[in-house]
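In my numbering, the protein residues as written are 99 to 339. Presented below is the structure to which this report refers.
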């Protein structure tokens, strides 16, 4: 089942959704697929203004538009998808934010872009399915980088030893930048499962989302296990034409 943001769902002039393994591109967004802006995500901080359907955006981890009928998406498989809309649907944006992007300021860059046209307080945001602190284990050095470089308490950044809470970090950055209406949508991409059907093998978990980390762990045990290429989930939105 596709994940949706309650706050974004109240904006009747946009359509949005967060993908998963059963619907890589949310079904609600399929009618707008041909208009999708294309980019190469590089864990950077570049924001591109999209002004035409099918625009080639080059290397970019954030997209922004005020044009109806242009689908903006990000691909993720553990990183954070963050989608934004002006309260009346007059502008939309998407961000792909892994740990590098959060440290380097991808969300702050998007907030600056929004602020050039509007007060960020007039916008809402939704943080989608990603690796959560239950499973997102990193080394101590990376945790210390976050603690040293971001103005946040350590228990927010790392509520468990050597685990990062990317969603909490993103939410604090959004609030500090002026967006106060924020949803956290979906669950952990690494461990979330779906109920088994009657004909399925009940001993094997059915995971809800594509996960780079989980797949890498499975490949270390079984080298024949397929990779995630072509199986990342899309999250995005469009201003209705």
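Each residue gets a CB set at the ideal place from its N, CA and C atoms; glycine is no exception. In this text the structure is predicted, and so the values were computed from the model without any measurement.
| Query | Result |
| --- | --- |
| Tell me where the beta strand (DSSP E) around residue 159 begins and ends. | Run containing residue 159: none; DSSP gives neither H nor E here. |
| Quick one: Cα of residue 112 to Cα of residue 282, how far? | 18 Å |
| Report the partner residues of residue 172 according to the DSSP bridge assignment. | 333 |
| How about residue 131 and residue 106: are their beta carbons less than 9 Å apart? | no |
| Would you check if the distance between the CB atom of residue 199 and the CB atom of residue 332 is smaller than 9 Å? | no |
| Need the endpoints of the beta strand (DSSP E) that residue 115 sits in, please. | 112-116 |
| Using a Cβ distance threshold of 8 Å, determine whether the segment 253-266 contacts the segment 312-331, with at least three qualifying pairs required. | no |
| Exposed or buried, what is residue 263 when buried is set at 16 or more other beta-carbons lying within 10 Å of its beta-carbon? | buried |
| Which ranges would you report for the alpha helix (DSSP H) in the segment 248-293 if only whole runs of at least 4 residues count? | 252-255, 264-274 |
| Using only the alpha-carbon positions, how far apart do residue 220 and residue 182 sit? | 11 Å |
| Do you know how far the Cα of residue 155 is from the Cα of residue 210? | 19 Å |
| I think residue 171 touches residue 334, with their Cβ atoms under 8 Å apart; what is that distance to the nearest whole Å? | 3 Å |
| Which residues does DSSP list as the beta-bridge partners of residue 101? | 116 |
| For residue 218, which residues from the same chain have a beta carbon less than 7 Å from its beta carbon, with the 5 sequence-adjacent residues on both sides left out? | 209, 212, 275, 276, 277 |
| Going by other Cβ atoms of all chains shown within 10 Å of its Cβ, with 16 needed for buried, is residue 252 buried or exposed? | exposed |
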